[in-house]
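Residue numbers (the working numbering): 273 to 423.
In structure tokens:
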């Protein structure tokens, strides 16, 4: 999927966005815990897609609903104590969300690859980007395109 590929022909059943390294320094709802600009840009784009369900993929906790209350942490994706593909699949199975379709993964390659271990058919609008700046620009285009559709 490229920046010119819009997701206008469907409403996703699920959008999975990444956590972020910048967090509040206290226990909080997942919706409020991540305060970095990248996470916020992913969240705004996800909200514009108006999915049936929005989850955060936490490097420590795995799949988080926005209302889940968790402690801050310093675990990056790929670390020894980070969520694994096997644990992620188990969480998705327990939540009965493995068969959802369409699914959109907003995030970089590491995030999208992990999401695709559960949902191999997930759409990844940030694929092929060459860094944070290009991803942020693509997220803005995605958000604006969907906001204009609602007008």
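Cβ coordinates follow ideal geometry from the N, Cα and C atoms, glycine included.
Go ahead and label residue 356 buried or exposed: buried means 16 or more other beta carbons lie within 10 angstroms of its beta carbon, across all protein chains shown.
exposed
Relative to the alpha-carbon of residue 397, which residue among 403, 308, 377 and 388 has its alpha-carbon at the smallest distance?
377
Which partner residues of residue 290 appear in the DSSP bridge assignment?
329
Could you tell me which residues DSSP puts in a beta bridge with residue 295?
306
Alpha carbon to alpha carbon, what distance is there between residue 310 and residue 345?
17 Å
If you draw a straight line from the C-alpha of residue 386 to the C-alpha of residue 408, how long is it?
20 Å
Whether residue 327 touches residue 335 by CB criterion (8 Å):
yes
Residue 384 - containing alpha helix (DSSP H), residue span
381–390
Skipping 5 residues on each side, what residues in its chain have a beta carbon closer than 6 Å to that of residue 372?
285 and 286
Going straight from the alpha carbon of residue 380 to that of residue 410, what length do you get?
12 Å
Roughly how many whole angstroms lie between the Cα atoms of residue 369 and residue 416?
28 Å
Where do the ends of the beta strand (DSSP E) carrying residue 377 lie?
375–377
Within the continuous alpha helix (DSSP H) that includes residue 360, where are the two ends?
357–366
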